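Here is the structure we will look at.
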Amino acid sequence: MKQLLLTAIACPKCHGQLEYDKQHQQLNCQKDQLAYPIKDGIPVLLASEAKPLNQSNSD
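Numbering that gives the first Met the number 0 puts the first residue of the sequence shown at 0, with every later residue one more than the last.
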């Protein structure tokens, strides 16, 4: 994921910074402890698609 894109997008819930997790192909919000999936190279920034961070890493 390009750094420019990471600086342009934010968590839809808290509007905080997201961190790219390359291994799990997701964007993580540490403040809300949520993980947003990346599907076919496109971040899915919908609250209904987010998973708790501790749950998303166990898949």
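Where a beta carbon is used, it is the ideal one built from N, C-alpha and C, also for glycine. As the structure is a computational prediction, the values presented were derived from the model and not from experiment.
Residue burial annotation: Pro51 is exposed, with fewer than 16 other C-beta atoms found within 10 angstroms of its C-beta.
The alpha-carbon separation between Gln32 and Lys21 amounts to approximately 17 Å. Straight-line spacing of the CA atoms in Thr6 and Ile41 works out to 15 Å. Residue pairing from DSSP places Asp20 in a beta bridge opposite Gln25.
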